[in-house]
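>
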Amino acid sequence: MSETIRVDIWSDIACPWCYLGKHRFENGVAAFQEQHPDVNVVVESHSFELAPDTPLDFAGSEVDFLVKHKGMPAAQVEQMLTQMTEMAASEETVFDFSKVKHANTRRAHRVLHLAKDRGLQEPMKERLFRAYFEQGEDMSDPDSLARLGAEVGLDPEEVRAALDSEEYGEAVDRDITRAQMLGVTGVPFFLIEEKYGVSGAQSAEAFAGAFEQVLGLVRGEETVQK
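Quick note on numbering: the sequence shown equals residues 34 to 259 in my numbering.
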């Protein structure tokens with residue numbers, strides 16, 4: 034009889050640690066399931082906006098945003114992004130900050146909720162990350178989002194309609210409110226079995242270890258209940 038571990042993940046498309054953390058998490062799941070092929074890991078992604086104050090028509094790079102809107106020294110930003118790029122490359126994740134167009138991600142989060150309704154949330158999330166960090170796509174541009182959605186199987190007209198949808202806007206807000214209630218102040222954040230929190234882009238080994246611990250606890254609870 035197969036078992037299931039549920040994981041809820043909060044992240045933002047414009048968050049490099051979320052992109053790297055996604056790949057580390059997936060590697061951790063793969064390692065865990067090699068040892069426990071009978072255990073399914075069910076994932077649901079949730080919205081979190083790191084910079085909701087970004088103007089919808091913001092035109093600039095990641096460096097521009099961090100320097101002008103966050104007040105960070107340009108040299109510090111450049112060094113930080115270089116280190117991030119090198120570390121990610123060692124784990125087969127690509128960042129090209131020379132192409133990144135910093136954007137308000139609220140529309141992208143609405144698209145992710147549409148994709149969830151169509152059973153395409155995970156491929157849509159991966160495509161948006163890759164488009165943002167590798168290809169310099171604008172996450173607030175309707176044409177770009179419609180095209181990217183179509184690439185993973187969404188109807189581009191449904192994508193366009195979702196961009197200003199109150200229903201999907203409320204879904205984004207519910208995700209953020211739940212994160213705040215959990216005390217989440219940064220992402221990525223992983224909630225396992227609605228009880229055990231893991232913050233940050235931990236290593237694949239750390240994720241696999243967390244699943245092992247949770248599985249032991251779940252099995253222990255089942256034994257006690259029996």
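The beta-carbon is built from N, C-alpha and C at its ideal position, and this holds for glycine as well. Just so you know, these numbers come straight off a predicted model, no measurement behind them.
Go ahead and pull the three-state DSSP assignment for residue 42.
Residue 42 falls in the strand class under three-state DSSP.
> In chain order, what residues of the same chain lie with their CB nearer than 7 angstroms to the CB of residue 132, ignoring the 5 residues before and after it?
Answer for residue 132: 168 and 169, listed in chain order.
> If you drop the 5 nearest sequence neighbours on each side, which residues of the same chain put their C-beta closer than 6 angstroms to that of residue 142?
Answer for residue 142: 80 and 205, listed in chain order.
> Say the cut is 7 angstroms; is the CB of residue 130 nearer than that to a heavy atom of the ligand FMN?
With respect to small molecules bound, the structure shown includes none, and the ligand FMN cannot be examined in it.
> Work out the CA separation of residue 111 and residue 96 for me, nearest whole Å.
Their Cα atoms are separated by approximately 7 angstroms.
> DSSP on residue 128, reduced to helix/strand/coil?
Three-state result, residue 128: coil.
> Note down, one range per segment and in chain order, each beta strand (DSSP E) of at least 3 residues found wholly within the segment 214-254.
List check, beta strand (DSSP E) in window: 222-225 and 229-232.
> From this set, 199, 102 and 78, which residue's C-alpha is nearest residue 149's C-alpha?
Among 199, 102 and 78, the Cα nearest to that of residue 149 belongs to 78.
> Are residue 46 and residue 157 close, meaning C-beta to C-beta below 8 angstroms?
No, Cβ-Cβ distance for residue 46 and residue 157 is not below 8 angstroms.
> What would DSSP say about residue 185, mapped onto helix, strand or coil?
Here residue 185 sits in coil by DSSP.
> Can you tell me the Cα-Cα spacing of residue 236 and residue 164, whole angstroms?
Answer to the nearest angstrom: the Cα atoms are 24 angstroms apart.
> May I ask you to list the residues that DSSP assigns as paired with residue 79?
43, per the DSSP bridge assignment.
> Who are the Cβ neighbours of residue 196 in its own chain at under 8 angstroms, not counting the five residues just before and after it?
So the qualifying residues of the chain are 140, 143, 144, 175 and 178.
> Evaluate contact between the segment 211-226 and the segment 181-196, counting only Cβ atoms and requiring at least three cross-stretch pairs below 8 angstroms.
Contact between the segment 211-226 and the segment 181-196 is absent, because fewer than three Cβ pairs lie under 8 angstroms.
> Along the chain, where does the alpha helix (DSSP H) containing residue 112 start, and where does it finish?
107-122 is the span of the alpha helix (DSSP H), which, as asked, contains residue 112.
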